[in-house]
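Protein chains in written order, with this note's numbering: chain B, 1 to 266; chain P, 1 to 437.
Even glycine gets a Cβ: it sits at the ideal position worked out from N, Cα and C.
Below is one structure, written out as structure tokens; the observations come after it.
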């Protein structure tokens with residue numbers, strides 16, 4: 001079943017390549033940029049499901065800090081975007097709030113929010129890509145799952161970053177609701193891991209830089225960074241994400257990502 | 001989150017009075033013992049041995065403590081009412097246990113409020129005391145719980161399972177815990193929920209000293225039921241809910257005790273109070289939301305049949321969001337909803353609806369800052385005559401664990417037989433500070 005799914009998705013990736021070659025006649029730089037992302041996505045395929053705890057440390061210019069404590073559950077969907085359940089634990093006033101998202105590469109994502117005080121499940125608009133997540137320097141779109149179709153690409157060259165040989169690729173969001181005109185991404189040539197992203201705002205000025213630190217490999221295949229640090233160059237604020245308790249293939253299924261599981265999520 | 005202005009008015013006014021605390025807790029406790037016995041037998045019948053269960057039980061305690069200060073701008077309309085200032089203190093801890101990797105859980109959420117003036121507002125409730133077993137495609141929930149249905153913001157027309165805790169707040173969004181056995185079945189074509197609801201909760205109403213009520217206080221001891229089973233009637237509900245692409249749909253049938261009492265002046269003259277009469281009802285409800293880009297289109301409708309009347313009502317409108325207004329992180333949501341009721345306009349004291357032809361406008365401003373600052377504004381207007389209500393609510397976090405909120409509510413009517421007219425002296429501001437742990 002799973003192999004079948006992988007085959008299908010490999011086939012669709014292949015057909016995407018063929019289609020993009022034929023109809024858009026990509027330049028060599030565009031083609032190489034796309035190939036790098038396809039390879040990065042391919043190398044991470046097959047994680048099935050994962051759970052992890054996330055600690056968000058928000059810092060303003062004056063050095064004041066605020067904490068967000070969040071649990072994430074994700075389900076890999078090979079022929080579509082992934083499903084995820086985000087459960088809030090801190091700040092205490094939002095404890096029990098949970099967020100269910102079915103992401104789609106092209107169509108709009110489906111998103112529901114559970115509000116524990118009213119026990120209310122609310123379908124929300126997924127248009128808000130550019131807005132801040134929980135008052136942090138991460139926008140919603142920065143935290144959503146990476147799908148190849150969400151961007152068009154241009155390979156800028158190879159560069160050395162922190163002693164690693166990397167590909168430098170420019171990515172242009174396909175979604176007009178994105179808060180960015182482009183992102184520049186540094187991906188290492190060995191393992192195809194993202195090490196740094198520069199975000200350019202709608203006026204094409206450098207807005208933020210995201211750095212990935214402490215990569216660990218899980219199940220001898222899937223690389224995840226322990227720390228992601230986002231620095232906003234325009235307002236001087238920063239947000240640090242610390243990931244702990246990463247687990248893969250835990251046995252989650254579709255039934256862990258519906259309205260009922262959203263209501264009882266902890 | 002939004003206030004349903006008119007709904008709260010109808011609670012405060014047309015059905016004001018609280019059941020004595022002892023009664024309330026007494027009834028709740030009796031039923032919760034039953035619920036717990038059911039829970040216990042379920043737990044014991046599961047194939048896991050007691051020691052295994054004990055080994056991986058996870059426990060969590062959280063909750064909040066809050067202090068609230070209300071100030072009424074005008075003198076009271078009725079002599080027994082408190083004059084200007086009302087203080088209250090509330091506590092709501094939540095105790096939670098889970099085992100079998102979260103497949104089984106138990107939650108206990110008691111609630112208590114002490115009010116400086118209104119005896120009826122000094123009250124307690126068990127908001128939740130329930131056992132939940134979750135399997136792949138079904139879930140069983142047994143005990144005292146809260147179940148919300150609906151999509152609109154200014155009135156929760158289709159929300160029927162829980163009784164309104166009318167003394168709690170003006171917005172009518174606070175509910176009393178309801179005893180239930182709920183089986184939830186997940187299918188490809190939607191989620192089906194079956195509810196058996198043993199035991200009915202009477203609505204709580206403001207007492208003699210309380211503001212936000214009509215000229216007559218609702219008598220908590222003079223309650224009668226159409227069903228010979230009275231408060232012990234076994235209610236039943238069946239609901240289907242499903243998401244199809246951009247659409248979220250729900251439909252249900254409810255059979256049992258009407259959550260809204262028919263109120264009439266007590267027989268002895270001059271009448272000093274209102275007596276409550278709860279009929280049986282059958283209610284069909286539908287709710288639908290279309291989420292299309294920045295637009296949320298919302299629709300709710302009910303058909304209710306009782307031995308006294310049959311009627312239709314709808315609540316429909318939209319919510320539109322502007323993301324990042326003024327080139328900032330601010331989000332602005334605009335809301336508009338209309339209420340309609342086939343019973344039409346009603347005079348004070350008669351049965352009917354306050355929301356027969358009312359228009360609501362709202363705006364929600366989210367600052368998306370570290371403190372989650374937010375401002376909500378709502379305006380409600382009766383299109384059949386000159387009456388309006390206005391509210392503004394602002395809130396933000398202080399430190400990591402405190403939330404401060406400031407609300408102002410204004411009510412006006414020129415029509416002397418309008419329910420709003422009797423509340424027009426009850427304009428007030430409210431400041432509250434809650435500590436979350």
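Cβ atoms of residue j and residue i: under 8 Å apart, would you say?
i                      : j                      : result
residue 159 of chain B : residue 168 of chain B : yes
residue 132 of chain P : residue 105 of chain P : yes
residue 173 of chain P : residue 118 of chain B : yes
residue 259 of chain P : residue 177 of chain P : no
residue 330 of chain P : residue 368 of chain P : yes
residue 76 of chain B  : residue 31 of chain B  : no
residue 240 of chain P : residue 285 of chain P : no
residue 128 of chain B : residue 140 of chain B : yes
residue 296 of chain P : residue 318 of chain P : yes
residue 290 of chain P : residue 277 of chain P : no
residue 166 of chain B : residue 188 of chain B : yes
residue 58 of chain B  : residue 135 of chain B : yes
residue 92 of chain B  : residue 62 of chain P  : yes
Of all the CB atoms in chain B, is at least one closer than 8 Å to the CB of residue i?
i                      : result
residue 377 of chain P : no
residue 146 of chain P : yes
residue 173 of chain P : yes
residue 286 of chain P : no
residue 355 of chain P : no
residue 437 of chain P : yes
residue 289 of chain P : yes
residue 186 of chain P : yes
residue 134 of chain P : yes
residue 115 of chain P : no
residue 374 of chain P : no
residue 241 of chain P : yes
residue 67 of chain P  : no
residue 137 of chain P : yes
Expressed to the nearest angstrom, what Euclidean distance is found between the alpha-carbon atoms of residue i and residue j?
i                      : j                      : result
residue 122 of chain B : residue 112 of chain B : 5 Å
residue 256 of chain B : residue 226 of chain P : 43 Å
residue 215 of chain B : residue 403 of chain P : 37 Å
residue 384 of chain P : residue 420 of chain P : 13 Å
residue 109 of chain P : residue 165 of chain P : 15 Å
residue 232 of chain B : residue 137 of chain B : 7 Å
residue 228 of chain B : residue 115 of chain P : 48 Å
residue 29 of chain B  : residue 186 of chain B : 15 Å
residue 100 of chain B : residue 72 of chain P  : 41 Å
residue 74 of chain P  : residue 220 of chain P : 27 Å
residue 163 of chain B : residue 213 of chain B : 13 Å
residue 320 of chain P : residue 376 of chain P : 14 Å
residue 427 of chain P : residue 380 of chain P : 14 Å
residue 229 of chain P : residue 125 of chain B : 46 Å
residue 261 of chain B : residue 345 of chain P : 43 Å
residue 90 of chain P  : residue 65 of chain B  : 29 Å
residue 23 of chain P  : residue 76 of chain P  : Confidence in residue 23 of chain P is poor, its pLDDT being 40 and thus under 50, which makes the residue's placement too unreliable to answer from.
Quick check on residue i - is its C-beta less than 8 Å from some C-beta in chain P?
i                      : result
residue 162 of chain B : no
residue 188 of chain B : no
residue 197 of chain B : no
residue 60 of chain B  : yes
residue 182 of chain B : no
residue 168 of chain B : no
residue 26 of chain B  : no
residue 224 of chain B : no
residue 229 of chain B : no
residue 93 of chain B  : yes
residue 206 of chain B : no
residue 119 of chain B : yes
key: chain B contacts made by the stretch 120 to 131 of chain P, where a contact means CB separation under 8 Å   = Cβ contacts with chain B come from no residue of the stretch 120 to 131 of chain P.
key: Cβ contact (3+ pairs, closer than 8 Å) linking the stretch 245 to 256 of chain P and the stretch 151 to 163 of chain P   = Judged by Cβ distances under 8 Å, the stretch 245 to 256 of chain P makes contact with the stretch 151 to 163 of chain P, as three or more pairs qualify.
query = Would you call the stretch 200 to 210 of chain P and the stretch 118 to 130 of chain P touching, i.e. three or more CB-CB distances under 8 Å?
reply = Under the Cβ criterion (8 Å, minimum of three pairs), the stretch 200 to 210 of chain P counts as touching the stretch 118 to 130 of chain P.
message = At a CB distance below 7 Å, what residues from the stretch 382 to 416 of chain P approach chain B? Give them in sequence order.
response = For the stretch 382 to 416 of chain P, which is checked against every Cβ of chain B, the residues closer than 7 Å are 397, 400, 401 and 403.
Chain-ordered residues of the stretch 125 to 141 of chain B with a beta carbon less than 7 Å from chain P = Against chain P - using a Cβ distance shorter than 7 Å - the residues of the stretch 125 to 141 of chain B are 125, 127, 128, 130, 131, 132 and 135.
task = For the stretch 84 to 104 of chain P, enumerate the residues whose C-beta is nearer than 9 Å to any C-beta of chain B, in chain order.
result = Against chain B - using a Cβ distance shorter than 9 Å - the residues of the stretch 84 to 104 of chain P are 94, 96, 98 and 102.
task = Can you give me, in chain order, the residues of the stretch 315 to 338 of chain P that have a beta carbon less than 7 Å from any beta carbon in chain B?
result = Answer in chain order: 321, 323, 324, 329 and 331.
task = Decide yes or no for the touch test of the stretch 227 to 246 of chain P against the stretch 182 to 198 of chain P: beta carbon pairs closer than 8 Å, at least 3 of them.
result = The answer is yes - the stretch 182 to 198 of chain P touches the stretch 227 to 246 of chain P, with three or more Cβ pairs under 8 Å.
inquiry  = Any C-beta of chain B within less than 8 Å: which residues of the stretch 214 to 237 of chain P qualify?
reply    = Result list empty, no residue passes.
task = Check each residue of the stretch 249 to 266 of chain B: if its Cβ is closer than 8 Å to any Cβ of chain P, include it; give the result in chain order.
result = Listed by position along the chain: 253, 255, 258, 259, 260, 261, 264 and 266.
request  = Could you please tell me which residues of the stretch 292 to 310 of chain P, in chain order, have their CB closer than 8 Å to any CB of chain B?
outcome  = Residues of the stretch 292 to 310 of chain P with a C-beta atom less than 8 Å from some C-beta of chain B are 293, 294, 295 and 296, listed in chain order.
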